[in-house]
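Contents: one structure, followed by commentary.
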Amino acid sequence: APISAPSRTANFANLDHLAPISAPSPTANFANLDHLAPISAPSRTMPERHNTLLPSPADAKFKAAVIEFVIPGAKNGGSDKGPDGHRIDSVPIANGLVKAGAACDIVLYDFTQHEEFAAKVEGYDALLVRINPGQLSQGTTPGTQERFDTLMNAMLAKGKLVWSSPAVQTQMGAKDALVKISGTSCGLVDTFAYYEKASLEEGFKKTMAFQPRVIKQNRGSAGEGIWLCWLEGKDYCANFGDASLDDDDKIKLMEMNDNHVEYHTVKEFLTFCVDGPDAPGAGTWASSFPGKYLEGGVAQGGQLVDQRLLPRISEGEVRMLMVGDVLQMIVHKKPEGGGLSAVGGNSAYTYYKPGCVEYADLENKFVNEDIPQLMKVLNIENDPLPLLWTGDFIPRDGDEPGTTAYVVGEFNCSCVGISKFQAVCGGEKTLADVSDEDYFESCELTDLMGVTAVKFLELKNAE
Numbered sequence: 066a067p068i069s070a071p072s073r074t075a076n077f078a079n080l081d082h083l084a085p086i087s088a089p090s091p092t093a094n095f096a097n098l099d100h101l102a103p104i105s106a107p108s109r110t111m112p113e114r115h116n117t118l119l120p121s122p123a124d125a126k127f128k129a130a131v132i133e134f135v136i137p138g139a140k141n142g143g144s145d146k147g148p149d150g151h152r153i154d155s156v157p158i159a160n161g162l163v164k165a166g167a168a169c170d171i172v173l174y175d176f177t178q179h180e181e182f183a184a185k186v187e188g189y190d191a192l193l194v195r196i197n198p199g200q201l202s203q204g205t206t207p208g209t210q211e212r213f214d215t216l217m218n219a220m221l222a223k224g225k226l227v228w229s230s231p232a233v234q235t236q237m238g239a240k241d242a243l244v245k246i247s248g249t250s251c252g253l254v255d256t257f258a259y260y261e262k263a264s265l266e267e268g269f270k271k272t273m274a275f276q277p278r279v280i281k282q283n284r285g286s287a288g289e290g291i292w293l294c295w296l297e298g299k300d301y302c303a304n305f306g307d308a309s310l311d312d313d314d315k316i317k318l319m320e321m322n323d324n325h326v327e328y329h330t331v332k333e334f335l336t337f338c339v340d341g342p343d344a345p346g347a348g349t350w351a352s353s354f355p356g357k358y359l360e361g362g363v364a365q366g367g368q369l370v371d372q373r374l375l376p377r378i379s380e381g382e383v384r385m386l387m388v389g390d391v392l393q394m395i396v397h398k399k400p401e402g403g404g405l406s407a408v409g410g411n412s413a414y415t416y417y418k419p420g421c422v423e424y425a426d427l428e429n430k431f432v433n434e435d436i437p438q439l440m441k442v443l444n445i446e447n448d449p450l451p452l453l454w455t456g457d458f459i460p461r462d463g464d465e466p467g468t469t470a471y472v473v474g475e476f477n478c479s480c481v482g483i484s485k486f487q488a489v490c491g492g493e494k495t496l497a498d499v500s501d502e503d504y505f506e507s508c509e510l511t512d513l514m515g516v517t518a519v520k521f522l523e524l525k526n527a528e
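Residue numbering for the sequence shown follows this note's numbering, starting at 66 and increasing by one per position.
Here is the structure:
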């Protein structure tokens, strides 16, 4: 039967024999409890935070250096730095090595004292280069980048470890790596590279006549010089090679740094790419960047890559954040504001831990199958993987109906920033201004970098 509430007139007389419970007297004697220790509130021990470089262990087996560079005349020495001239993530990276048992210093590269720097780095077992691409060509004497790269190669030849080595940056970080991996399971077979004007004109007019394309410059960042291209007012041809566009054919362009749209003729676009927006025949451009993507030739990174535009890019990119051969985090970057770009601050980020069900197949394929393939076709089998690098994947329809496959859109391995540290760079804020939550979360990554670096050093030492 259901339990009902007692009647207000219920007779509880049968409880009258029970003595009432009274409050204890203020003078009650609890002397017999004096032997018990007082109960105190549990203490909350916060992890220790370090906003400055930790002292290196006296018995360190290995000695490493984090290499930085200050751009002459630039505020803070560059937009990637704080007011002290350091990258915000340099101290946590160095401290990760110290916590892993290595000695570590932060060393500034001064291009005016190259020989002194070369002598200094002789004393280290490993060098972590934290210099953004292109910075060694800003405000420096001609040939500074080449002299620095030659020195890093000399260190490698002497048995030192360098992250990332010039060879790895060239083979893996350049956009034409996408051409080299086009025959692998994570590449696109119809990927082409152009290094000079004639091949660009011939190739682009043919690919653009067939289907929407993505044109990517080699030297840009955050979507600068990455153009999504559609044919305007004309049908695509049925088969690749059936047609080639004329100079006066019209195309719609979207630059991925800010999702802005422009309309130009084929001739205007090609002129912009080769000679810049002010060249005769370039038309009028809204882009804030200067084009001239082939300038300097192959030796200076002048190149354009031409890939099929995958329509499912609107679903976002999946970034695999790697420390050596270890996956540290998966980031889904979803375009916002009606654009197709998931770079340049135009995206919403969702973070996933390794082993998540959402990307279990991609994780297994990339870590266990793709990376060995990539190292072989990129000819970096004898080099250590970058200490911190990313592979950015774009979804496409799989071979089986209803399935999804992923292809690499780009690799980043030159100087990958740690976003929650670098979010405060460029102004007056320092590492101390990073919130505790962001600091300790990001230190999971920098601590893993330290452990991985020491592991690589131990393997090198055992050879």
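Glycine residues also receive a C-beta, built at the ideal position from the N, C-alpha and C atoms.
TODO: Report all residues from its chain with a CB closer than 7 Å to the CB of Glu-211; omit the five preceding and five following residues, and keep chain order.
DONE: none
TODO: Indicate whether Val-396 and Arg-384 have their beta-carbon atoms separated by less than 9 Å.
DONE: yes
- [ ] Closer than 8 Å by C-beta to Asp-255: which residues in its own chain qualify, once you throw out the five before and the five after it? Chain order, please.
- [x] Ser-247, Thr-272, Phe-305, Gln-372, Arg-373
Task: Contiguous alpha helix (DSSP H) assignments of at least 4 residues, all confined to the segment 419-447 - done: 425-430, 436-442
Open item on the list: For Ala-242 and Gly-389, I'd like the C-alpha separation in whole angstroms.
Closed with: 18 Å
TODO: Quick one: give me the first and last residue of the beta strand (DSSP E) that Tyr-328 is part of.
DONE: 325-330
Open item on the list: Whole angstroms are fine: how far does the CA of Lys-520 sit from the CA of Ala-527?
Closed with: 11 Å
Task: CA-to-CA distance, Thr-205 to Asp-464, given in whole angstroms - done: 50 Å
Open item on the list: Once DSSP output is grouped into helix, strand and coil, what is the label at Gly-474?
Closed with: strand
Open item on the list: Would you call the segment 137-150 in contact with the segment 492-510, where contact means no fewer than 3 C-beta pairs closer than 8 Å?
Closed with: yes
Open item on the list: When you compare the CB of Phe-182 with every CB in chain D, is at least one pair closer than 9 Å?
Closed with: Within the model displayed, chain D is absent; a lone protein chain is all it includes.
- [ ] Starting from Arg-384, trace the beta strand (DSSP E) both ways and give me its first and last residue.
- [x] 382-388
Task: Delimiting residues of the beta strand (DSSP E) encompassing Cys-169 - done: 168-173
- [ ] Could you please give the first and the last residue of the uninterrupted beta strand (DSSP E) stretch that includes Val-163?
- [x] Looking at the DSSP string, Val-163 is not in any beta strand (DSSP E); the run it does join, the alpha helix (DSSP H), is 155-164.
Task: DSSP-derived helix/strand/coil call for Leu-522 - done: helix
TODO: For Cys-421, count neighbouring C-beta atoms within 10 Å of its own C-beta (all shown protein chains included) and say buried if the count is 16 or more, exposed if not.
DONE: exposed
TODO: Throw me the rounded Cβ distance for the Gly-161 and Met-394 pair, which I believe falls under 8 Å.
DONE: Going by Cβ atoms, the distance from Gly-161 to Met-394 rounds to 15 Å, so no, they are not a contact pair.
Task: CB of Cys-251 within 9 Å of CB of Phe-431, strictly - done: yes
- [ ] Would you identify the three-state DSSP class for Arg-212, choosing helix, strand or coil?
- [x] helix
Open item on the list: Using the three-state DSSP reduction, which class does Ile-378 fall into: helix, strand or coil?
Closed with: helix
Open item on the list: Going by DSSP in three states, Val-233 sits in which element: helix, strand or coil?
Closed with: helix
TODO: Taking Lys-332 as the reference, give the member of Pro-277, Glu-267, Leu-359, Val-370 with the closest Cα.
DONE: Glu-267
Open item on the list: Can you tell me where the beta strand (DSSP E) holding Gly-268 begins and where it ends?
Closed with: It is not in any beta strand (DSSP E) - Gly-268 instead sits in the alpha helix (DSSP H) that spans 262-275.
TODO: Would you please state the rounded distance, in angstroms, between the beta carbons of His-151 and Glu-180? I believe it to be under 8 Å.
DONE: His-151 to Glu-180, Cβ: 24 Å. No contact.
TODO: Classify Phe-257 as buried or exposed, calling it buried when 16 or more other Cβ atoms lie within 10 Å of its own Cβ.
DONE: buried
Task: Which of helix, strand or coil DSSP assigns to Val-242 - done: Looking at the sequence itself, residue 242 is Ala, so the reference to Val does not match. Three-state DSSP puts Ala-242 in a helix.
Open item on the list: Counting C-beta neighbours from all protein chains within 10 Å, is the total for Pro-345 16 or more, i.e. buried, or is it exposed?
Closed with: exposed
- [ ] Taking the CB atoms as reference points, tell me whether Ser-229 and Ser-479 lie closer together than 9 Å.
- [x] yes
Task: Distance between Ala-159 and Pro-112 (C-alpha atoms, nearest Å) - done: 18 Å
Task: Length of the line joining the Cα atoms of Phe-127 and Arg-278 - done: 48 Å
Task: Three CB pairs or more closer than 8 Å across the segment 468-482 and the segment 450-457 - done: yes
Task: Assigned exposure category for Pro-89 - 16 Cβ within 10 Å defines buried - done: Because the pLDDT at Pro-89 is just 43, under 50, the model does not fix this residue reliably, and the point stays unresolved.
- [ ] Enumerate in chain order the residues of its own chain whose CB-to-CB distance from Leu-119 is below 7 Å, with the five nearest sequence positions on each side excluded.
- [x] Asn-160, Val-163
Task: Val-233 versus Ala-191 - alpha carbon distance - done: 16 Å
Task: Bridge partner(s) assigned by DSSP for Gln-200 - done: Paired residues: none, contrary to the question.
Open item on the list: Given a cut-off of 9 Å on the beta-carbon distance, is the pair Asp-381 and Arg-284 in contact?
Closed with: Here residue 381 is Gly; the residue named in the question, Asp, does not match the sequence. Result no, Cβ atoms of Gly-381 and Arg-284 do not sit closer than 9 Å.
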